[in-house]
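Trainee: One structure coming up, written as structure tokens, with questions to follow.
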Amino acid sequence: MKLPSVIEVLEALTKLPDYDTLPSSLRSEIKNVLFTNEQPVEQKKVPYAVYQSEGFV
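In terms of the numbering used here, the sequence shown has 6 at position 3, counting the first letter as 1, and numbering is strictly consecutive.
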């Protein structure tokens, strides 16, 4: 049995009849996650010097 992904669960939540009764902060977080998931995340390469200056190495 395959478990649903987090995105599938959140999409299902938005379709529930009492979705509007959820706190607005929770609804906005759900929308943020769903919207972010639709957008391809562009990975930016950080120059090695930045890592050194921030103390990561």
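Cβ atoms here follow ideal geometry from the backbone N, Cα and C, with glycine treated the same way.
Compute the Euclidean distance between the alpha carbons of I33 and L13, then round it to the nearest angstrom.
Mentor: Here residue 33 refers to the residue found at position 30 of the sequence shown. Here residue 13 refers to the residue found at position 10 of the sequence shown. When rounded, the distance between both Cα atoms is 6 Å.
Trainee: Hey, could you find the ends of the alpha helix (DSSP H) T17 is sitting in?
Mentor: Indexing the sequence shown from 1 puts residue 17 at position 14. Per DSSP, T17 belongs to the alpha helix (DSSP H) from V9 to T17.
Trainee: If we ignore side chains and look at the alpha-carbon of each, how far apart do L19 and S31 end up?
Mentor: Looking up residue 19 in the sequence shown gives position 16. Looking up residue 31 in the sequence shown gives position 28. Straight-line Cα distance between these residues: approximately 15 Å.
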